[in-house]
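Worksheet: one structure, shown below.
2 protein chains.
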Amino acid sequence: MTKVQASEDKDYVQSLVRGLEVIRTFSRYKPRMTLTEVAQQTGMTRAAARRFLLTLVREEYAETDGKYFALRPKVLDLGFAYLSSLPMWEVAQPIMRDVVNVLQESCSLAVLDGLDIVYVARVPTERVMTIGLSIGSRLPAYCSSMGRTLLAGLPPAELAAYYDRVKIERRTERTVTNMVALKDAIETSRRQGWTLVDQELEMGLRSIAAPVKNRRSEVLAALNVSTHEGRTSIETMKTRFLPVLLDAAQRISAAVPQ
Amino acid sequence: MTKVQASEDKDYVQSLVRGLEVIRTFSRYKPRMTLTEVAQQTGMTRAAARRFLLTLVREEYAETDGKYFALRPKVLDLGFAYLSSLPMWEVAQPIMRDVVNVLQESCSLAVLDGLDIVYVARVPTERVMTIGLSIGSRLPAYCSSMGRTLLAGLPPAELAAYYDRVKIERRTERTVTNMVALKDAIETSRRQGWTLVDQELEMGLRSIAAPVKNRRSEVLAALNVSTHEGRTSIETMKTRFLPVLLDAAQRISAAVPQ
DNA sequence: AGCATTTGTTCGTATAACGCACAAGATATC
DNA sequence: GATATCTTGTGCGTTATACGAACAAATGCT
Chain A
1 MTKVQASEDK
11 DYVQSLVRGL
21 EVIRTFSRYK
31 PRMTLTEVAQ
41 QTGMTRAAAR
51 RFLLTLVREE
61 YAETDGKYFA
71 LRPKVLDLGF
81 AYLSSLPMWE
91 VAQPIMRDVV
101 NVLQESCSLA
111 VLDGLDIVYV
121 ARVPTERVMT
131 IGLSIGSRLP
141 AYCSSMGRTL
151 LAGLPPAELA
161 AYYDRVKIER
171 RTERTVTNMV
181 ALKDAIETSR
191 RQGWTLVDQE
201 LEMGLRSIAA
211 PVKNRRSEVL
221 AALNVSTHEG
231 RTSIETMKTR
241 FLPVLLDAAQ
251 RISAAVPQ
Chain B
1 MTKVQASEDK
11 DYVQSLVRGL
21 EVIRTFSRYK
31 PRMTLTEVAQ
41 QTGMTRAAAR
51 RFLLTLVREE
61 YAETDGKYFA
71 LRPKVLDLGF
81 AYLSSLPMWE
91 VAQPIMRDVV
101 NVLQESCSLA
111 VLDGLDIVYV
121 ARVPTERVMT
131 IGLSIGSRLP
141 AYCSSMGRTL
151 LAGLPPAELA
161 AYYDRVKIER
171 RTERTVTNMV
181 ALKDAIETSR
191 RQGWTLVDQE
201 LEMGLRSIAA
211 PVKNRRSEVL
221 AALNVSTHEG
231 RTSIETMKTR
241 FLPVLLDAAQ
251 RISAAVPQ
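First to last, the protein sequences are chains A and B.
The first sequence lines up with residues 1 to 258 when you count with full-length UniProt numbering.
The second sequence lines up with residues 1 to 258 when you count with full-length UniProt numbering.
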């Protein structure tokens, strides 16, 4: 059954979608834009972009100095609505801090969204990756420990759909790009209940992840610890990190309300 | 000059605003809702709420199991658009981790939004407050160290407007609730360039904050370190924490692009 | 000063979005 | 299993929301 075009769907509110597109058009590289720039970036007419921007200003999601527009912190409330609705979110954070106290390495929690993982909680220690990571950051699922953990927890049909859509790109010379090998890796994750990824996302980055599940054993999120290859051997990750990680994941899982 | 009612403003896109209201209606206490519940919570007709929910589902900001609706991680992209547009955001995080490494206490960065501070970055250590704090969390400005720092950095007219609007509520028996005393405290913050708040927001919580400024000396954000009163004396905060905090705030300020 | 670019505004128009009413489906109760 | 109640899906007539073009005004550049 073909998907009806959004514009033909009588239950579709395109003004909402267009307004959200305006919000999303701001970024690190475009922290502030003029009206004309927003219209250009979003493909809207100047008049339409202007109405959305003025509406966002009026509702305090954005501000303007009369020429340039920028987002305001109220936009974070939208994301926070999502974070605070995650069942494990509140209980995960102290447990993650315990992990960091014991292992002295960064600990993160992520969920799967499309082809990516999205960070929903993070206790960072020393920087391991070249880019800063934070709540809201996205990374590809196929070459990250949390991503493979989450993929391993998908029902078979959804995992098959993922394989159909994903475009594997080599991120380092160690990235698994062969689909058969990737499927094997994910199947291994599923069987052993944890995942170790060594410098496939970025050289130097090693991380190990375990699933957070609900009472029906559905994988809700993945918890990881990440380190630098110069600091921690694979063997140490398995012998020292893994028990702490599995215990933490289990404690978070146990605390998820029904 | 009176403010025109939104509904009379021809440049106002109320479908966008209503859609954002639907997103905001989800929370820790209502992580998933039926159509009827969303309509009741937002005051919309069932048909209108239904169109917004189906639009959010179609655009992958929300999901449904056929009866209950819940937000999806894509909503975090909206907040992330704001975070990534903050000039000091990228550089602040490694500096904050340095602070935590040295002091072994939580470090946070916040901005002022209305009467609240909003957390935009955080490196947590041991939990100090009873509620978990994260990016997107809000706290009142008048009784927090970062809040007073940010208030101290406001232009006089804006600070006066803040005093007119704020409703002071005693949070602990130590909360400064006298407006004269509060103004003195904020003036002291302004003069000395840092702020220490001791158990006014919550018993046991001590925190010290310093401003992050741009090249024009405008206060953009506040950086803090927080601890528990049982763990750290006021004297130690001044002699050990403050130099590290001021240095970190200075480094972040220096790294803010023009 | 002149020209180019951007922004503000008006206004006629189209249709997006509305809400009501009823049908259909789901759930609870007996 | 039947009935009552509640919730959701849908159609449709209507309205007013949102649209974009065109032109004026403001700003910026040379």
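Idealized CB from N, CA, C, for every residue including glycine.
Legend entry - C-beta contact flag for Leu220/A and Asn214/A at 7 Å: Residue numbering aside, residue 220/A sits at position 220 when the first sequence is read from its first letter. Residue numbering aside, residue 214/A sits at position 214 when the first sequence is read from its first letter. Taking 7 Å as the Cβ cut-off, Leu220/A and Asn214/A qualify as a contacting pair.
Legend entry - Proximal residues of chain A, C-beta to C-beta of Pro87/B below 8 Å: By 1-based counting over the second sequence, the position of residue 87/B is 87. Under a criterion of Cβ atoms nearer than 8 Å, the residues of chain A adjacent to Pro87/B are, in order, Pro31.
Legend entry - Coil, strand or helix - Ile168/B by DSSP: In the second sequence, counting from the first residue as 1, residue 168/B sits at position 168. In this structure, Ile168/B counts as coil in the three-state DSSP scheme.
Inset, instruction - Could you please give the first and the last residue of the uninterrupted beta strand (DSSP E) stretch that includes Pro211/A? - result: To locate residue 211/A, count along the first sequence from 1; it is residue 211. First-last of the beta strand (DSSP E) with Pro211/A: Leu205 to Lys213.
Legend entry - Nearest-angstrom Cβ-Cβ length linking Arg72/A and Tyr61/A, presumed shorter than 8 Å: Mapped onto the first sequence, residue 72/A falls at position 72. Mapped onto the first sequence, residue 61/A falls at position 61. Confirmed, about 6 Å.
Legend entry - Contact set between Phe69/A and chain B, taken where Cβ atoms lie within less than 9 Å: Residue 69/A sits at position 69 when you count from the first residue of the first sequence. Correct list: empty, because the minimum Cβ distance to chain B is about 11 Å.
Inset, instruction - Step through the CB atoms of chain A and report whether any lies within less than 7 Å of the CB of Tyr12/B. - result: By one-based count along the second sequence, residue 12/B stands at place 12. Yes, because at least one Cβ of chain A sits closer than 7 Å to the Cβ of Tyr12/B.
Inset, instruction - Could you work out which residues of chain B lie near Phe26/A, taking near to mean beta carbons separated by less than 9 Å? - result: Reading the first sequence from its first residue, position 26 is the one you call residue 26/A. Here the neighbours are Ala81, Tyr82, Ser84 and Ser85.
Legend entry - Sequence-distant residues of its chain with Cβ nearer than 7 Å to Val197/A (five each side left out): Taking the first residue of the first sequence as position 1, residue 197/A is located at position 197. Around Val197/A: Cys143, Ser144, Ser145, Arg148 and Ser207.
Inset, instruction - Using 10 angstroms around the beta-carbon of Ile252/B, count the other beta-carbons present and answer buried if the total reaches 16, otherwise exposed. - result: Counted from its first residue, the second sequence places residue 252/B at position 252. Ile252/B is buried by the Cβ-count criterion.
Legend entry - Contiguous beta strand (DSSP E) assignments of at least 3 residues, all confined to the UniProt domain "HTH iclR-type" (13-73) of chain B: 32-34, 62-64 and 68-71, all fully within the UniProt domain "HTH iclR-type" (13-73) of chain B.
Legend entry - Nonlocal neighbours in the same chain, by C-beta distance under 6 Å from Ser108/A, ignoring five residues either side: Reading the first sequence from its first residue, position 108 is the one you call residue 108/A. Correct list, in chain order: Tyr119, Arg122 and Asn224.
Legend entry - Reduced DSSP secondary structure (H/G/I, E/B, other) of Val176/A: Residue mapping note: residue 176/A aligns to position 176 of the first sequence, counting from 1. In this structure, DSSP gives Val176/A a state outside helix and strand, which the three-state scheme calls coil.
Inset, instruction - Assign Arg138/B to one of two classes, buried (16 or more other C-beta atoms within 10 Å of its C-beta) or exposed (fewer than that). - result: Position 138 of the second sequence holds residue 138/B. Around the C-beta of Arg138/B, 16 or more other C-beta atoms lie within 10 Å, and the residue is accordingly described as buried.
Inset, instruction - Count the other CB atoms, across all protein chains shown, that sit within 10 Å of the CB of Lys3/A; report buried if there are 16 or more and exposed otherwise. - result: Your numbering for residue 3/A matches position 3 in the first sequence. Here the model assigns Lys3/A a pLDDT of 47, short of 50, so the residue's position is not dependable and the matter cannot be decided.
Legend entry - Partners in chain B for Val75/A, counting only beta-carbon separations shorter than 8 Å: To locate residue 75/A, count along the first sequence from 1; it is residue 75. Within chain B, the residues near Val75/A are Leu78, Gly79, Ala81 and Tyr82.
Inset, instruction - List the residues that DSSP assigns as beta-bridge partners of Asp198/B. - result: Locating residue 198/B in the second sequence gives position 198, where the first residue counts as 1. DSSP, once it has assigned bridges, lists Arg206/B as partnering Asp198/B.
Legend entry - CB contact check: Ile23/B to chain A, cutoff 7 Å: In the second sequence, residue 23/B corresponds to position 23, counting from 1. So yes, Ile23/B belongs to the interface.
Legend entry - Contact belief for Ile135/B with Ile135/A at Cβ below 8 Å, rounded distance in angstroms: One-based indexing of the second sequence puts residue 135/B at position 135. One-based indexing of the first sequence puts residue 135/A at position 135. Between Ile135/B and Ile135/A the beta-carbon gap is near 5 Å, inside 8 Å, which marks them as a contact.
Legend entry - Beta-carbon proximity check, Arg191/A vs Asp11/B, cutoff 7 Å: Counted from its first residue, the first sequence places residue 191/A at position 191. Counted from its first residue, the second sequence places residue 11/B at position 11. Remark: C-beta atoms of Arg191/A and Asp11/B do not approach each other more closely than 7 Å.
Inset, instruction - Grab the span of the alpha helix (DSSP H) containing Ser144/A for me, first residue to last. - result: Mapped onto the first sequence, residue 144/A falls at position 144. Annotation for Ser144/A: no alpha helix (DSSP H) segment contains it, and DSSP assigns it neither H nor E.
Legend entry - Given Glu200/A as reference, the closest of Ser106/A, Tyr68/A and His228/A once Cα atoms are compared: Start at 1 with the first residue of the first sequence, and residue 200/A comes out as number 200. Residue His228/A is the option with its Cα nearest to Glu200/A.
Inset, instruction - Using a Cβ-Cβ cut-off of 7 Å, state whether Thr2/B counts as contacting chain A. - result: By 1-based counting over the second sequence, the position of residue 2/B is 2. Residue confidence for Thr2/B is low, a pLDDT of 40 falling below 50, so the modelled location carries little weight; the figure read from the coordinates is stated next. Not flagged as an interface residue toward chain A: Thr2/B, since no C-beta distance is shorter than 7 Å.
Legend entry - C-beta contact flag for Pro140/B and Val256/B at 7 Å: The residue labelled residue 140/B in the question sits at position 140 within the second sequence. The residue labelled residue 256/B in the question sits at position 256 within the second sequence. No, they are not a contact pair.
Legend entry - 8 Å Cβ shell around Thr239/A - same chain, five flanking residues per side excluded: The sequence position of residue 239/A within the first sequence is 239, counting from 1. For Thr239/A, there are no CB contacts under 8 Å within the same chain when 5 residues up- and downstream are skipped.
Legend entry - Simplified DSSP state of Ser253/A, which is helix, strand or coil: Taking the first residue of the first sequence as position 1, residue 253/A is located at position 253. Assigned with DSSP and collapsed to three states, Ser253/A falls in helix.
Legend entry - Residues that Val123/B bridges to, as DSSP identifies them: Looking up residue 123/B in the second sequence gives position 123. Bridge partners of Val123/B: Cys107/B.
Inset, instruction - In angstroms with no decimal places, state the Cα-to-Cα distance between Val13/A and Thr55/B. - result: Taking the first residue of the first sequence as 1, we reach residue 13/A at position 13. Taking the first residue of the second sequence as 1, we reach residue 55/B at position 55. The alpha-carbon of Val13/A is positioned some 6 Å away from that of Thr55/B.
Inset, instruction - Enumerate in chain order the residues of its own chain whose CB-to-CB distance from Ala185/A is below 7 Å, with the five nearest sequence positions on each side excluded. - result: The sequence position of residue 185/A within the first sequence is 185, counting from 1. The beta carbon of Ala185/A lies closer than 7 Å to those of Arg148 and Val176 in the same chain, with the five residues before and after it left out.
Inset, instruction - Within the same chain, show all residues whose beta-carbon is closer than 6 Å to that of Thr130/B, passing over the 5 residues directly before and after it, in chain order. - result: Taking the first residue of the second sequence as 1, we reach residue 130/B at position 130. So no residue of the chain qualifies.
Inset, instruction - Excluding the 5 residues preceding and the 5 following Ala210/B in the sequence, name in chain order all residues of the same chain whose CB lies nearer than 6 Å to its CB. - result: Numbered from 1 along the second sequence, position 210 holds the residue referred to as residue 210/B. The beta carbon of Ala210/B sits closer than 6 Å to those of Trp194, Leu223, Leu245, Leu246 and Ala249, all from its chain and outside the five residues before and after it, given in chain order.
Legend entry - Identified DSSP bridge partners for Leu115/A: Residue mapping note: residue 115/A aligns to position 115 of the first sequence, counting from 1. Paired residue(s): none; Leu115/A is not in a bridge.
Inset, instruction - Just mark Thr45/A as buried or exposed, buried being the case when its beta carbon has 16 or more other beta carbons within 10 Å. - result: The residue given as residue 45/A occupies position 45 in the first sequence. Label assigned to Thr45/A: exposed.
Legend entry - Within chain B, partners of Asp65/A - CB distance below 9 Å: As a first step, residue 65/A must be located in the first sequence, where it is residue number 65. Residues of chain B passing the Cβ test: none, with the nearest at roughly 12 Å.
Inset, instruction - Using beta-carbon positions only, say whether Thr25/B and Gln40/B come within less than 7 Å of one another. - result: Counting from one through the second sequence, the residue named residue 25/B turns up at place 25. Counting from one through the second sequence, the residue named residue 40/B turns up at place 40. Contact: no.
Legend entry - Within-7 Å CB hit, Gln199/B to chain A: As a position in the second sequence, residue 199/B is number 199, starting the count at 1. No - not a single Cβ of chain A is within 7 Å of the one on Gln199/B.
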